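First up is the structure itself, then whatever we jot down about it.
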Amino acid sequence: MAEQKNTKKIEEKEKPQNVQKTEQQPVKVQEAKQETPIEKKVDASKTEENKSEKKTESKDKQVQKIKKEEAVANGSNMPISKKHSMYICSFIKNKTIDGAIADLESVIKYKRAIPFKGEIPHRKGPGMMSGRYPISASKEFIALLKGLKGNINVNNMDLEKTRIAIATASWANRPQRSGGRRFKRTNVTLIAKEIKSEERSKEIKK
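Convert by adding 78 to the 1-based position in the sequence shown; the result is the number in this note's numbering.
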């Protein structure tokens, strides 16, 4: 009987230990489950960063602008004389944009005259016999040249290499004034193109 009592006591002592072991195991499982949501958040943030990087790369590719060969500026129904416009067009042709603007500003200040043909007073200047100072027409052309300069920058053209290749003036629709006369209205077209290195070297030699 004494032996049976001893065996029962030993069994009773061993039982709580087993219970404690079984109770500790679920705690470990809970700890493992708590770590998984954090890992999911990290993975989600990484995927969002990758998507944002791909979007920025695609936007950069779309922003790349195409370079054009020429830039155009049109002035319609300008309140200036067609005769003055024709002489100014021949005056600024084959010049840079900044050079043409500087020359016309000197015309406004009466420092330089634009060459004219016909019975017109003589003016001082190299290669010029007669000329005038068309101030109003020069102001309109300066505004048009500034617009042409902006178009050159938008078309990704080199401003230093561009020259005014074409400059033309023509009659516009002239509204009638009192006494049977008509107002001055002129259409002007300016086209600038880039000059190649060979053509530029020839100009420098001249």
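Ideal Cβ placement from N, Cα and C applies to all residues, glycine included.
Just so you know, these numbers come straight off a predicted model, no measurement behind them.
Of the residues P193, L268, N231, the one whose Cα lies closest to the Cα of F169 is P193. Inter-segment contact for the stretch 229-236 and the stretch 147-159 is present: three or more beta-carbon pairs are separated by less than 8 Å. By the beta-carbon neighbour count (other beta carbons within 10 angstroms, threshold 16), R190 is buried. Residue R210 holds the alpha-carbon nearest to the alpha-carbon of I198 among G205, I175, R210, P204. For K239, no pairing in a beta bridge is given by DSSP. Judged by DSSP in its simplified three-state form, K271 adopts strand. For G225, the three-state secondary structure derived from DSSP is helix.
The continuous alpha helix (DSSP H) containing M164 extends over residues 160-170. For A151, the uninterrupted beta strand (DSSP E) segment begins and ends at 148-156. In the DSSP assignment, S184 falls within the unbroken alpha helix (DSSP H) covering 175-186.
A215 and I166 do touch by the CB rule: their CB atoms are close to 6 Å apart, below 8 Å. By the criterion of a C-beta distance shorter than 6 Å, S184 is surrounded in its chain by R190, once the five residues flanking it on both sides are discounted.
By the C-beta density criterion, G258 is exposed, having fewer than 16 other C-beta atoms within 10 angstroms. Straight-line spacing of the CA atoms in D176 and E272 works out to 14 Å.
From the listed residues S163, I213, A221, the smallest Cα separation to I186 is found for I213.
Collapsing the DSSP output to three states places N265 in a strand. Beta-bridge annotation (DSSP): I244 is paired with I269.
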